[in-house]
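Step one of this worksheet: look at the structure below.
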Amino acid sequence: ETGVTQSPTHLIKTRGQQVTLRCSSQSGHNTVSWYQQALGQGPQFIFQYYREEENGRGNFPPRFSGLQFPNYSSELNVNALELDDSALYLCASSPTVAASTDTQYFGPGTRLTVL
Amino acid sequence: GDSVTQMEGPVTLSEEAFLTINCTYTATGYPSLFWYVQYPGEGLQLLLKATKADDKGSNKGFEATYRKETTSFHLEKGSVQVSDSAVYFCALSPPRSQGGKLIFGQGTELSVKP
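Protein sequences, first through last, are from chains W and A.
With the first letter of the first sequence counted as 1, position 36 gets the number 36 in the working numbering; the numbers rise by one all the way through.
Just so we're on the same page, the working numbering is the position in the second sequence counted from 1, plus 1000.
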């Protein structure tokens, strides 16, 4: 069984640029959530996708957007990058649209540095 | 709003010492509670969970009991090993939350010395 994978591993961008991060969910999982983890902090929920539609969003501005594809893989797009966007971006998948009791399975993350 | 508070780290212990990492939460109703562990350079792995009051989650010698009366979910292990060195995150998932989002504490770094 393949776990959650993310690409790229590391990324360096400059302020004002746009970035796309990618995630492949664990086999059999149709729900994907994205989290931002700043250095020394706990992850913060960005949004979740289920059946290609956004299904919940945290306190992040509209320049954070996402997509989910028919194979349940997902992208996180961030426009107009700011220095504070530097963080580890984590993708998590779950077997179905997550109930509060469900376990979410995390990928290794993409480390984004904005200069 | 819902939140999780963990004891601050770093926590440094000798091998075979007893471990407690405190976690308290604020939430409406009965959330599900989780402990995740993050090893250096890796993503988060589920360590254990409890989904209702008085449940005890356990895994790899770690335990935590869901205490509704004290709104706590403290992590314990009787004898830590060097390989337990990592950052530990307590998290909750609000009941009937939209999308089952997780709310994390700030993390507690554990360092175990031989």
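No residue lacks a Cβ here, since even glycine has one placed at the ideal position from N, Cα and C.
- A direct Cα-Cα distance of roughly 25 Å separates residue 1055(A) from residue 92(W).
- For a Cβ distance threshold of 7 Å, residue set 101 of chain W lies close to residue 1051(A), ordered along the chain.
- By the rule that beta-carbons nearer than 9 Å mark a contact, residue 1066(A) does not touch chain W.
- Straight-line spacing of the CA atoms in residue 46(W) and residue 60(W) works out to 6 Å.
- Across the set 86(W), 75(W), 27(W), the C-alpha of 86(W) shows the shortest separation from the C-alpha of residue 13(W).
- When the beta-carbon positions are compared, residue 1063(A) and residue 1046(A) stay at least 9 Å from each other.
- Taking all protein chains in view, the Cβ of residue 1037(A) is crowded by 16 or more other Cβ atoms within 10 Å, so the residue is classified as buried.
- Runs of the beta strand (DSSP E) lying entirely within the region 1081–1111 of chain A, each at least 3 residues long, are 1086–1093 in chain order.
- If you check each beta-carbon in the region 1–23 of chain W against every beta-carbon of chain A, none falls closer than 7 Å.
- Any Cβ of chain W closer than 9 Å to the Cβ of residue 1045(A) would place that residue at the interface, and such an atom is present.
- Residues of chain W with a Cβ closer than 8 Å to the Cβ of residue 1095(A) are, in chain order, 100.
- Here residue 1052(A) is exposed, its C-beta having fewer than 16 other C-beta atoms within 10 Å.
- For the pair residue 107(W) and residue 37(W), the CB atoms are not nearer than the 9 Å cut-off.
- Residues of chain W whose Cβ lies closer than 9 Å to the Cβ of residue 1104(A) are, in chain order, 35, 37, 41, 42, 43, 44, 45.
- Counting only Cβ-Cβ distances below 7 Å, residue 1042(A) has contacts in chain W at 108, in chain order.
- It is roughly 22 Å from the alpha-carbon of residue 111(W) to the alpha-carbon of residue 1090(A).
- Inclusion of residue 1004(A) and residue 1110(A) in the CB contact set at 9 Å is not warranted, their separation being larger than that value.
- The continuous beta strand (DSSP E) containing residue 77(W) extends over residues 74–78.
- Residue 1066(A) is a Cβ neighbour of residue 1050(A), given a cutoff of 9 Å.
- In this structure, residue 1058(A) lies away from residue 1025(A), with their beta-carbon atoms at least 9 Å apart.
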